[in-house]
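Q: Just so we're aligned, residue 540 is where the sequence shown starts under the working numbering, counting upward by one.
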Amino acid sequence: MSNNDVKSLGSFVWSIAELLRGDFKQSEYGKVVLPFVVLRRLDCILAPTKDAVLSLADTLPDDMDEIARSQILYAASGDGISAYNTSRFTFATMRQQQASDIHKNLTDFITKFSPNVRDIFLDKFLFTDQLKRLNDAGILWQVFERFSQVDLHPDHVSNIEMGYLFEDLIRRFSEISNETAGEHFTPREVIRLIVSLLLVNDADALTGAGVIRQVYDPACGTGGMLAITEEEMKQLNPGIRVELFGQELNPESFAICKSDMLVTGHDPENIAFGNTLTQDAHKGKQFHYMLSNPPYGVDWKKYQDPIKEEAATLGYDGRFGAGLPRISDGQLLFLQHMISKMRDDLQGSRIGIVMNGSPLFTGGAGSGESEVRRWMLENDWVEAIIALPTDLFYNTGIQTYVWLLTNRKDIARQGKVQLIDASGERFWRSMRKSLGSKRREIPEDATREIAEIYHDMLNGNSGWEDVSKIFDTTDFGYREIRVERPLKLRLEVTEEALEAVFEAKPVQRLDTVAQEAIRAALAALIGVGAWMDREAFLKALKVALKAEGVKIGAPVIKAIIATLGERDDEAAICRDKDGNPEPDTSLRDHELVPLGEDWRDYVAREVTPFVPDAWVDKSHCDATDGKVGRVGYEINFNRYFYTYVPPRPLEEIDAELKALEAEIAGLLKEVVE
C-alpha cells in the first residue's frame, strides 16, 4: 500500500466520524472510531481461523482452567497471534443479521474475545459504553456498516501502515478537540532520527543468524517508537528477532499499543498499563535498546510519595538514587529509570531519549538535576546530545534535544561527550501545511547527515565548526565556591531609628520597665553623631545602658544593631569574638570554578583583583568529596555554539526609519486628500 493509499484509508475512516456529529462531542469521536478500527483489524486477522477456533472451543470442557483454555485456542488462531474469539459472529455474519440486533451481536462479539483482548475493549477503551450510546442515538448500524467496508487484513494493510493510520487519526482527533497530540505520539521523522542514532554504530552486531534484541519504551504511547525500531532493525537483518516491551499510563494509547502487539505477533503481555515511575511493570528486566519521549514539564507531585520513598530507602540500589528533580518536571526520573535497566554484559545497552532543554542546565550545584547530570557524566554514560530544530512537535514549538547514552562506549568516546547542533536550516524544511505547532520536519537526507556526523565523531572539522564539537565529560563540571565580603556598619541613633528599634520582636518581649530604660539610653545617644566602628558603638551603648541601670541580652543587642546599622564601605570591618571578619550576607556571591582548575588560582585571578577583602567560605563543601565548593554539572548549548551577530550600523537603521517616516507621511496625505 502506498502513502497515498494510507492517506485515502485515513480519510475514509475519518469520514465515518462525521456520522457522530450531533450525538457526540468532537472530543469524543476518537473514543468510538479508534476502538472500531482495532475491532475491525482483529476481525480481519482472526477470520481465516474462525471456524477452527469455534470447533475446538466446543470440544473443551466448560470448567477447564482459563489459562490452559486460552493457550489451546491461541494455537488454533494461527502462528504469532495471541488472540481468539469464540463468538459465532464476525463482521461479515453480523451484516447478514437484522439491523435491530447489531448492539446485542457486537456485545456478544466483544465479550467473547480472549481475556487479553476483552481487557482492552472493556476496561481501557470502555467500548461497551460507547456502543450503548451509539445504539441509543440510532446510528450504531450505520457506523458498523461503514467499518465493515474497510479491509484491514495484514495482506492489505501492513503493521507499519496500521501505525501510520493510527497516527493520522489520533492527530485529527486531537486537533478538533484541542487536545495535545504530542501526548499521544512523536513525529515519525523524529523517531527515525533517534533509531538511526541508536543503530548507526551497531550495524555489524545486528547482522548474522540467531540475533535477538529487546527494545523498551517506558512511555510507549501508541507504540510508534517500538514499531519503527523493529522496522529499522529488520531492514538491517530480516532474520533478527526483536522483542518489544513498554508501559503506558493513558488507557486509550495503551489499548492501541497492546492491540498492535496482538496483531503483529508480539507478546501483548510485554506492554503494561500504569505509571512507570511508581509501578515498574518490568522490574528486574534489562534491555538492549531503550528509547522514549517522556512528557515535558509535567509535575509529579500527585505521585511523589512512592518515588521519594524509593529514593530514600533504596538509594543507588533503586532507580532514583542519583537525585530527584524539581517537582514540576519529571523527565530526569524517566531517564534514571531507563539507566537502571541497562544490561551488565558485553553488549551493554543503548538509550535514546528526547527531552526539552530543562534537563541540560536547570538546577544549580547540589540540586537534584545537577546531581543526576553529575552521576551520568562521572559514570561516562553520555555519548552525545543533539539539539533538534524548533517547531517539530504537534503540541509545542520549543527546542528539544536527543540524549544518547550507553554503558559500553567505544575507546575513542570514553571520557568524551559529543554535542551536535542540528537546529540550523540545513537540517529541516518547512511543511506545506502546519499541524498544530508542527511547522517543520526533518527530511531523510538530514537524518542521514546527522547520523553520519555522530558516527564519524566530527569535532569542529572543516565545514562542521558550528555543528559538532567534542568535549571531555569534566568540561561540563564546576565547583560552586561561596565568596564572602566583610560586614561594615555605620551606626547612628536618630528619632526615627529609635522608634524602629521598638518594632523589633526581641525588644517587644521585654517588660515595660526594661523598654523605657532602653529608650532613655538610646535617646542619650541622639545627636552624638555616627559611629564608623561597631565596637565603638557597643561601648557607648553599654555605658548608656549602665547609666539607666539596665542589662540586656545578646538577642536585644543584635536587634538594636540590625535596626540602627547601615552598610558603609568607609566603616570598619565587623569582627566576631575571635577577631575574624564577619560576612555580609547581602554581598555574598558564588563563583563557578571549572573542575580542572584549582579554586585558589581562580580566586586570585577573577576575584581578588576586584574585591581584595573577599574570602572563600571553606565550610561550603561538596557533600561527596568534602572539598571546598559544591560540585555541579550543566550543559549549556548556547555557550558552545553561540555565534555573535553584530548589530546593523546606526546609519543604516536611521536611513530605514527616515524612509518609513516618509512612507507613512505619504499615506497620511492620501487619507487627508
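Think of the CB as a built atom: it goes at the ideal place given N, C-alpha and C, for glycine as much as any other residue.
Looking only at its chain, what residues have a beta carbon closer than 6 angstroms to the beta carbon of Gly762, apart from the 5 residues adjacent to it on each side?
A: Cys796 and Asp799
Q: Give me the DSSP bridge partner(s) of His1129.
A: Arg1021
Q: From the DSSP output, in three-state form, read off Trp967 for me.
A: coil
Q: Exposed or buried, what is Thr1051 when buried is set at 16 or more other beta-carbons lying within 10 Å of its beta-carbon?
A: exposed
Q: Classify Gly975 as helix, strand or coil using the three-state DSSP reduction.
A: coil
Q: Once you ignore the five residues that flank Glu722 on each side, which residues in its own chain have a CB closer than 6 angstroms to its CB?
A: With a pLDDT of 48 at Glu722, under the threshold of 50, the modelled position of this residue cannot be trusted; read the value that follows with caution. Here the set comprises nothing.
Q: Whole alpha helix (DSSP H) runs in the stretch 557-610 with 4 or more residues, listed along the chain?
A: 568-585 and 589-598
Q: Does the stretch 565-581 come close enough to the stretch 656-663 to have 3 or more Cβ pairs within less than 8 angstroms?
A: yes
Q: Let me make sure I understand the geometry here. Which of Thr629, Asp675, Gln669 and Phe666 has the alpha-carbon closest to that of Ser639?
A: Asp675
Q: What runs of the beta strand (DSSP E), each 3 residues or longer, lie entirely inside the stretch 1011-1083?
A: 1016-1023 and 1028-1030
Q: Which residue marks the beginning of the beta strand (DSSP E) containing Ser831, and which one marks its end?
A: Its beta strand (DSSP E) spans residues Tyr828 to Ser831.
Q: Buried or exposed, going by whether 16 or more other CB atoms sit within 10 Å of the CB of Gln635?
A: exposed
Q: How long is the line joining the alpha carbons of Asp618 and Val592, rounded to whole angstroms?
A: 13 angstroms
Q: What span of residues does the alpha helix (DSSP H) with Asn655 cover, start to end?
A: Pro654 to Arg657
Q: Pick out whichever of Asp1152, Phe575 and Leu1030 has its Cα sitting closest to the Cα of Gly1104.
A: Leu1030
Q: Since I believe Ala926 is in contact with Ser962 (beta carbons under 8 angstroms), could you give me their beta-carbon distance rounded to a whole number of angstroms?
A: Under the criterion of beta carbons closer than 8 angstroms, Ser962 and Ala926 qualify as touching, at roughly 5 angstroms.
Q: Our contact map puts Met915 next to Lys880 with C-beta atoms below 8 angstroms; I'd like the distance itself, whole angstroms only.
A: Not confirmed; about 15 angstroms, so no contact.
Q: Rounded to a whole number of angstroms, what is the C-alpha to C-alpha distance between Leu670 and Gly677?
A: If you take the alpha carbons of Leu670 and Gly677, they lie about 11 angstroms apart.
Q: Mapping DSSP to helix, strand and coil, what is Ala720?
A: Unreliable positioning characterises Ala720 in this predicted model, as indicated by a pLDDT of 38, which lies under 50. A coordinate reading is not provided.
Q: Find out if the Cβ-Cβ distance for the pair Asn809, Leu788 is shorter than 8 angstroms.
A: no
Q: Got a sec? Which residues, its chain only, sit under 6 angstroms from Pro864 by beta carbon, not counting five neighbours each side?
A: Leu871, Gly907 and Glu908
Q: Specify the secondary structure class of Glu922 as computed by DSSP and reduced to three states.
A: strand
Q: For Asp960, does the three-state DSSP call read helix, strand or coil?
A: strand
Q: Considering Leu944, what are the terminal residues of the beta strand (DSSP E) in which it resides?
A: Where Leu944 is concerned, the enclosing beta strand (DSSP E) stretches over Thr939 to Thr945.
Q: Compare the beta carbon distance of Asp1123 and Arg1024 with 8 angstroms and say whether it is the shorter of the two.
A: yes
Q: Taking C-alpha atoms, which residue in Met877, His692, Ala631 and Arg1021 lies nearest to Leu1126?
A: Arg1021
Q: Is the beta carbon of Phe630 sitting closer than 8 angstroms to the one on Ile649?
A: no
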